[in-house]
Structure formats: C-alpha cells, structure tokens
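Undergrad: With the sequence shown counted from 1, adding 301 to any position gets you my numbering.
First, the structure itself, so that you have it in front of you.
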Amino acid sequence: METPLKIAFHNLEASESVEAAIRERFDKLERLYDRMTACRVSVEATHNQHRTGNVYSVHIDMVVPGSELVVSREPKEAQQKYMNPDIYTSIRDAFAAAERQLKSFKQQQRGDVKRHDFEVQGQITQLADDHGFLMTNTGGLLYFHANSVIGSDFKDLKRGDRALYVETMGDTGPIASKVWKDVDRELG
C-alpha cells in the first residue's frame with residue numbers, strides 16, 4: 302500500500318487493543334486486494350448509554366485504483382442487531398462489509414460481473430462525418446461516435462431516425478456508448 306493505514310478515534314480514547322483488532326482485520330483486506338493505495342478507519346463513540354453501553358460507529362474509506370470504496374456502520378444498525386453492542390462487534394461488522402465491497406470491486410475489475418446496460422429510445426438529430434447527436438427521452442442532446450453504432454452502418458443513419466441507445470459517462474460527460482436503429486418504431 303502506498304500510504305500507511307490511518308486510524309482515528311472520535312469521542313473516545315485511543316486504545317492499543319482496538320488498534321490491533323483494526324490492523325488485524327485490515328491485513329485480511331490487504332491480502333484480499335493488494336492494489337489498495339490507502340485506507341482510513343475512524344471509530345466514533347456516538348452515545349454513552351447507561352443501560353446498553355456505548356454505541357460505536359465505524360467508517361472505512363478504501364482508495365483503490367480508479368475508485369474509492371466507503372463503508373459506514375452506523376449505531377442504529379448495531380443497536381438493532383445486538384442487545385449490547387461493543388466496539389469489537391462494530392469493527393467486525395464494518396470490516397465484513399468492506400470485504401464484501403472489495404470482493405465485488407475485484408470481480409468487476411476482472412470482468413466477472415456483467416454490467417446491465419439499459420437501452421433508452423431517442424431520435425437522431427444531427428449527423429457529421431464520424432459522429433452524431435441523439436435527442437434523449439428527457440430532451441437533452443447526447444453525443445455518439447460512428448464506432449458506437451451497432452447492427453447497421455453509421456452511413457445508413459438519417460436525421461429523424463428513432464434509435465435505441467445506452468448512455469455512459471465519457472471523458473467530458475454523458476455519451477451514447479451504443480446506438481442502433483429502432484426498427485420497430487421507425488418514423489414513417
């Protein structure tokens with residue numbers, strides 16, 4: 302990891318045993334995903350309850366290539382799940398959630414998880430040599446490149462054609478990453 306693990310305590314004294322528990326659980330995360338660049342863990346005593354004991358909130362912020370994964374275990378969840386929550390229970394639950402997020406992120410990076418694209422209907426409003434614009438179902442214009450056209454040739458598209466598209470985030474904002482003629486609903 303590029304930056305060492307940072308541990309912060311809020312509204313409670315720092316404890317070597319709590320830090321050791323956090324470091325032990327973090328080591329497991331680091332073995333699971335060795336490309337993590339930074340990680341911050343904060344533990345906060347949110348309530349000092351006379352009958353049920355202190356309630357702890359644990360936040361884990363993991364920086365991974367191209368993303369940041371955040372886990373937050375709030376006191377309400379701990380109170381509902383356990384009659385007498387303690388700091389170690391809150392830490393365990395937060396790191397279990399962090400492990401699930403890291404596994405999911407790792408699967409997405411490997412391509413094991415298929416993203417579900419949702420197609421939307423629009424209308425082609427402008428065409429140039431190698432790109433065009435769609436009028437979206439919300440009234441906005443969406444850029445698409447000739448390479449994004451599926452099932453037909455870019456040159457076969459005409460202004461006014463109905464098209465289905467998949468919107469994604471490009472370098473400069475939203476774009477249509479896949480475009481194809483909506484043959485079922487052509488304007489006639």
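All C-beta atoms in this analysis are idealised placements derived from N, C-alpha and C, irrespective of residue type, glycine included.
#1: Taking 8 angstroms as the cut-off, decide whether the C-beta atoms of residue 452 and residue 437 are in contact.
#2: Span of the beta strand (DSSP E) holding residue 308?
#3: Cutting at 6 angstroms between CB atoms, please list the residues of its own chain near residue 396, excluding the five before and the five after it.
#4: Starting from the C-beta of residue 417, find all residues in its chain whose C-beta is less than 8 angstroms away, skip the five residues before and the five after it, and write them out in chain order.
#5: Just verifying my parser: in three-state terms, what is the DSSP assignment at residue 458?
#6: Take residue 312 and list the residues in its own chain whose beta-carbon comes closer than 6 angstroms to its own, dropping the five residues that flank it on each side.
#7: Leaving out five residues before and five after residue 322 in sequence, what residues of the same chain have Cβ atoms less than 7 angstroms from its Cβ?
#8: I'd like the list of long-range same chain contacts for residue 371, defined as Cβ closer than 6 angstroms, with 5 residues on each side in sequence excluded.
#9: Could you tell me whether the region 429–445 touches the region 402–412, where touching means 3 or more Cβ pairs closer than 8 angstroms?
#10: Going by CA-CA distance only, name the one from 341, 336 and 314 that's closest to residue 324.
#11: Count the other CB atoms, across all protein chains shown, that sit within 10 Å of the CB of residue 333; report buried if there are 16 or more and exposed otherwise.
#12: Taking the DSSP output, what are the residues bridged to residue 362?
#13: Just list the residues that DSSP pairs residue 444 with in beta bridges.
#14: Looking at residue 331: is its Cβ nearer than 8 angstroms to the Cβ of residue 302?
#15: Quick one: grab the DSSP three-state call for residue 389.
#16: Consult DSSP for residue 331 and reduce its assignment to one of helix, strand or coil.
TA: Reading it off the structure:
#1: Position 151 of the sequence shown holds residue 452. Position 136 of the sequence shown holds residue 437. Against a cut-off of 8 angstroms, the Cβ pair of residue 437 and residue 452 comes out as no contact.
#2: Working through the sequence shown from its first residue, we reach residue 308 at position 7. Its beta strand (DSSP E) spans residues 307–311.
#3: Reading the sequence shown from its first residue, position 95 is the one you call residue 396. So the qualifying residues of the chain are 326.
#4: Taking the sequence shown and counting its residues from 1, the one referred to as residue 417 is at position 116. Legend: pLDDT at residue 417 = 48, less than 50; position of this residue unreliable, value from coordinates given subsequently. None.
#5: Residue mapping note: residue 458 aligns to position 157 of the sequence shown, counting from 1. Three-state result, residue 458: coil.
#6: If you number the sequence shown from 1, residue 312 lands on position 11. So the qualifying residues of the chain are 345 and 346.
#7: Residue 322 sits at position 21 when you count from the first residue of the sequence shown. So the list reads 389 and 392, once near-sequence residues are dropped.
#8: Indexing the sequence shown from 1 puts residue 371 at position 70. Excluding sequence neighbours, residue 371 sits near 362.
#9: No, they do not touch.
#10: Within the sequence shown, residue 324 is the residue found at index 23, counting from 1. Checked all of 341, 336 and 314; the closest Cα to residue 324 is 341.
#11: Taking the first residue of the sequence shown as 1, we reach residue 333 at position 32. Exposed, because fewer than 16 other Cβ atoms sit within 10 Å of the Cβ of residue 333.
#12: To locate residue 362, count along the sequence shown from 1; it is residue 61. 341 and 371, per the DSSP bridge assignment.
#13: Here residue 444 is taken as the residue at index 143 of the sequence shown, counted from 1. Beta bridge pairing from DSSP links residue 444 with 434 and 476.
#14: Numbered from 1 along the sequence shown, position 30 holds the residue referred to as residue 331. Numbered from 1 along the sequence shown, position 1 holds the residue referred to as residue 302. Cβ atoms of residue 331 and residue 302: closer than 8 angstroms.
#15: For the purposes of this step, residue 389 is taken as the residue at position 88 of the sequence shown. Residue state, collapsed to three classes: helix.
#16: As a first step, residue 331 is located in the sequence shown; it is residue number 30 there, counting from the start. Here residue 331 sits in helix by DSSP.
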